[in-house]
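I have placed the structure first, in the form of structure tokens, so that the comments after it can refer back to it.
Protein chains in written order, with my numbering: chain A, 1 to 808; chain B, 809 to 1616.
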């Protein structure tokens, strides 16, 4: 795997891994370098008082005595290293000659057709995403029925016959079997399918090329894996992975071909570029949320708030359409499945049940705010614990079998805790309540009663959330709910990050609903059953607060919860709680998704430049020396440049000044354009060589050919050259991007960042006053400079580049 | 008023007006040049076949035989002229020396404080916007009661005494009085307060400096004007203007000073720049919608979908908070006003009444789609008619008194039609229905009955919408609803664009609800009263469809309607209808807001570049010659440049090549930076002159001083200079932006547009290969190139610049 970085400044670069499958072997972790994030929170920012001497090139010669902010170099550690193995996507159009020639063939009619095609593609993305969601849902529902029906039978039988170890072992066996399957699928099948996939999709939309993210195999592993995880009874949800599935469907459908299956429909060729694909993936992610929660508006907002890094009014409507189609399809299929053909009665995978209209009074606002604070604190604690667990995993659980083993251990512990709680907590409730439990288990209760704790454990987490939202005030014993909360909180924290497909939405909502219901029960008791103190309402607020504290999403989560509960009157209350939870949580650490991104060392670029970076100049941070090519270059030179470097883009210059000593050089020639490694590879494969150094007269290779290779370019090693070919020339002029974006070397880091981020660039060439190339800035250059705002202290850090970086 | 355009290429420039107050005097309309938009729809795009000879500089010398898309020059007409009187805002930071010096004084603590301050400001924006909305609402409700109570008394009396002309004259008198007031306020007070203000806010957020848009006076005229308009019984709503009010509140509060009132709190100085102000205004617009409809999520989405041109995840949460605070405040105040202190029972200005849960079946989808098509067609017709009326107004209704007179005529016609309908249509319904009418008028009905037509006219349009949504199926006679729809449709079309503050939301919803109810009544009759054929449901779908067809908003409108009716089950149906209406309407013309923007010639930049513009180069469209300044320039030169040109920005060069003949010059010197007219004006006012041409040694004027003048810079005419001062020098180096964004002259229009639009630039300098200035690109340069997609045909046009352009 290659890197765009022209030179790794810090020299710490270790050999990158050969793929994600064996990425773990690349982990070269030095325990002495490890510094937990909390420790370096308050060190920092020493230069304001001028105490820190500045490197010479950081000073503006025209401003004597100028003091610039120094970005503190962080030691290599878990949250403080940027992986060098991730490449960027090209969101910038390469407007070369062959592109312009193709562009001239377009006419208004073809443009209209292209636009209409986009809507058609988006329609199918919505439909397919919903169908996948339905399949997962129906599988889970049907197989859960079988599993818990079977267990119920044996438990009932063994309570009488005093052989409870048998159903325990059965439960353990079934669950561990599914968990094993889930884990093997991911660990040995497609490691990139682990987790919820939301952080990876977010990174993809930010412009990072996460390998194998959208493969057909990944989609299959994700869908099958999450089904198994849920059936294994682990503390996971199936909603997060739907986002990844939707994104994968979008990336696949929009290309009109499948490289995995090796066929090409020959359609949708115009969408085979990173930018078009990105817009479809944004829609797919929204469709995933829409299908998961039956929340089309929530889907669009989630894509906007959490997923997307580039937004455009024109795609809003398409994304909205995609979400809507997805929600519709799901509704129709599930309605049909539940025997209501032609009705639209099933809103989503996760219908939390309609809430009645419960108004709330002004007096409740302090309660909501307090619950927001609790949720924020609990979420921050969850993230911090999960961070430490993840660090532990990255250090010690490296081999595949260890990962599978860990999953089985977690599964066993989950089942055992559940069984112990069912056995010891005797929380008996009368049968036949309005919201009937699916598998009421009597255990040691009297006839006509059932064990409420068993009901919590022996059903899907979704059903437990629904129960906590809607059960009558007397249904749950505060002690058992409290115990359930504590165990489930820690279990879900341990579970998230395992080598299985799993979402964090439902576990967070469930533990939040548990403590929220406790608050509600308390208020109900204090007010002696006042109408407003409805425990179900507080369970909803608690669930929102907990998830808000963990994931730090506000707007979209409020809409999703409104859409899944069908209740608008609580809207303002939910929003207030969610904003509070986010603000409180942000004081301690970042959201779980961002934390995952940082842990994996993914070079994600935030929305705005780090503050106070106006004094840092482009020439300070740029990579140099720059490897450049001439407009008509000798083939042997091109080959050796590709062999010797790992750079992804090469500035093309007018005059060759490359012969001198590189180290002392300050300028590398007058800029004529930029050519990408992928283009050079295709050119070497297609061999449009010429014998004269003045250039070729043959007609250039059409854009069609370049598009044919997208997105998997020919392996350089497979191409062989004759001596004659090596001695001939390659005319780069028809293929190079003649007007790449540049930045003057005196430009500030802020300005450079703005340009790079707003336009979604991959390479930014730094030029001097004479428009000569002096350096190169890539995603990794910029992502290394980061500001961390934490408890009012700002930390300016420069992250070292490292070779490790396992996907999430 | 000045312009950034360095040179008006087409030479058609007419003297701009001296302000908006007397803008009408500047209209220099040539009837022969007028071409309605429909006529030139299919002419165009002649160059694909190479038939049109290209100007020499449009050809790429390296691509022989290259054919470039030619942008057809349009004749000056109503929708085809770009006004030259609008300036741009500066969304780019000027990172000059004095800025960097100030930046160094900042520390993490001050940054945290600044961030917290933003939240506090946003809180107050939400509160104030809601308070204004409450005031308007309460005024309207109370005075409507008085007005219609009074009329009812006289009508009842005169029906018996056969003197109906008396209440007619009273109604006419009262309504025309209010309408006169509304019109005089706007026409003589603040013309920029006319209309809904949404198009202007949209333009402001796009980066156009619309003068007087956010003044305190404008806010007052807007609020008082819309109250009078509604009281005048005109076919207007008070919701659209709330967006403008919110924006004005945000722009005012965020600056910590009022230039109108002449005081400065000395706080919030760090927010006195265009970029910060823009973010607050985005929040204010959202708060306006939230307050108008009680729809906090709808507010955020409206701001996102329709208002904003720049989006950033970081501001999402602040905008959401602002919306939420606004909805909360409104709810609390209105609850208190209605005697329910401490409850949160009033969701918004426009509570359409809670809809019961009406599910819908798959079979209804074709009906919804058909209604979407009808709405799209009706909306397109509305826009087209309104366009012709607006053109007529701009040609013939120029003087202020004529504008006022037109308002009075429209008001008289409205009242007369209402009276005639009440008199002739005898639609009697029994009194005492569940949703009681506020002013039941018996007219010629029997005792115990009331005239249903009178009930429609003798109440606010909001109440009529509510009635159409919720009345029992038998309440309305199809004939009277149909007549009401036809008259109201044309009346509202005539009314929109009058010189009063008025919104289009409610009139559109009302006429849509009318025809929607007709559809519902038809279905109810056909199905003989099936449960799903609820006329109220179809009235809601019709209302959405009509407004969607006119304004072409989908996502936010769906959310607003869901939030105001409290009904989620119709969500998918609403979305489907709205998307259909938008797609159908877009086949014929653009939305009413965009049409208004085009009519006013506002240089708004769309989200993406015109298609097929890759062959057009920056050097073809750039303005030249460029007026440049030296780094240390003679004061007299600066004065004469400011006097002789109207440019807003001047590139600063290293070497003076300005002495030669301008016309033949191709390069104007090596670029060193960019200085703005506003900066030069302040410098001339502050006079930091030096006697030596090598530069000043004095410490430069601090940024504080520059900020003090923002946003109204010293009038150049008021500054006087001695001979000695004129002979001295001005050192521009500490003030100039040293690294302005540049674009190479060979860059395509697409690339230039991307850079300009994504970064919100005001000036883009075109450079040659040696980094020397060769031209200048501004907003107006780019806004002139436009693609119009209409019925599958794409029209590439180059708009001429004109001097007219009255605000909407």
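Virtual Cβ for every residue (Gly too), placed ideally from N, Cα, C.
I'd like the span of the alpha helix (DSSP H) that includes residue i, first residue to last.
{"i": "residue 383 of chain A", "result": "365–396"}
{"i": "residue 815 of chain A", "result": "Because chain A spans 1 through 808 in this model, residue 815 of chain A falls outside it and cannot be assessed."}
{"i": "residue 741 of chain A", "result": "Run containing residue 741 of chain A: none; DSSP gives neither H nor E here."}
{"i": "residue 322 of chain A", "result": "313–337"}
{"i": "residue 161 of chain A", "result": "108–161"}
{"i": "residue 1419 of chain B", "result": "That residue, residue 1419 of chain B, is in no alpha helix (DSSP H); it is neither H nor E in DSSP."}
Out of curiosity, what's the CA-to-CA distance linking residue i and residue j?
{"i": "residue 749 of chain A", "j": "residue 1045 of chain B", "result": "48 Å"}
{"i": "residue 1135 of chain B", "j": "residue 938 of chain B", "result": "7 Å"}
{"i": "residue 1492 of chain B", "j": "residue 1443 of chain B", "result": "8 Å"}
{"i": "residue 712 of chain A", "j": "residue 296 of chain A", "result": "33 Å"}
{"i": "residue 230 of chain A", "j": "residue 462 of chain A", "result": "10 Å"}
Among the options, which one has its Cα closest to the Cα of residue i?
{"i": "residue 976 of chain B", "options": "B:1190, B:1221 and B:1378", "result": "B:1221"}
{"i": "residue 1298 of chain B", "options": "B:1428, B:1196 and B:1000", "result": "B:1196"}
{"i": "residue 562 of chain A", "options": "A:301, A:374, A:446 and A:634", "result": "A:301"}
{"i": "residue 1043 of chain B", "options": "B:1094, B:1185, B:907 and B:1317", "result": "B:1317"}
{"i": "residue 1617 of chain B", "options": "B:1519, B:1227 and B:1382", "result": "For residue 1617 of chain B there is no data in the structure shown, the boundaries of chain B being 809 and 1616."}
{"i": "residue 811 of chain A", "options": "A:486, A:753 and A:729", "result": "Shown here, chain A extends from 1 to 808; a query on residue 811 of chain A therefore has no answer."}
For residue i, is the classification buried or exposed, using 16 other Cβ atoms within 10 angstroms of its Cβ as the cut-off for buried?
{"i": "residue 811 of chain A", "result": "Nothing about residue 811 of chain A can be reported from this structure: the residues present for chain A run from 1 to 808 only."}
{"i": "residue 596 of chain A", "result": "buried"}
{"i": "residue 1356 of chain B", "result": "buried"}
{"i": "residue 1401 of chain B", "result": "buried"}
{"i": "residue 1114 of chain B", "result": "buried"}
{"i": "residue 148 of chain A", "result": "buried"}
{"i": "residue 903 of chain B", "result": "buried"}
{"i": "residue 1315 of chain B", "result": "buried"}
{"i": "residue 1528 of chain B", "result": "exposed"}
{"i": "residue 624 of chain A", "result": "buried"}
{"i": "residue 1082 of chain B", "result": "buried"}
From what residue to what residue does the beta strand (DSSP E) around residue i run?
{"i": "residue 763 of chain A", "result": "763–767"}
{"i": "residue 1537 of chain B", "result": "1537–1539"}
{"i": "residue 651 of chain A", "result": "649–653"}
Can you find a heavy atom of the ligand FAD that lies under 7 Å from the Cβ of residue i?
{"i": "residue 1585 of chain B", "result": "Among the ligands in the structure shown, none appear at all, so the ligand FAD cannot be discussed."}
Taking 8 Å as the CB-CB limit, is residue i close to chain B?
{"i": "residue 614 of chain A", "result": "yes"}
{"i": "residue 144 of chain A", "result": "no"}
{"i": "residue 317 of chain A", "result": "yes"}
{"i": "residue 708 of chain A", "result": "no"}
{"i": "residue 597 of chain A", "result": "no"}
Within the 8 Å Cβ cut-off, does residue i reach chain A?
{"i": "residue 1292 of chain B", "result": "no"}
{"i": "residue 1383 of chain B", "result": "yes"}
{"i": "residue 914 of chain B", "result": "yes"}
{"i": "residue 1556 of chain B", "result": "yes"}
{"i": "residue 1416 of chain B", "result": "yes"}
{"i": "residue 1077 of chain B", "result": "no"}
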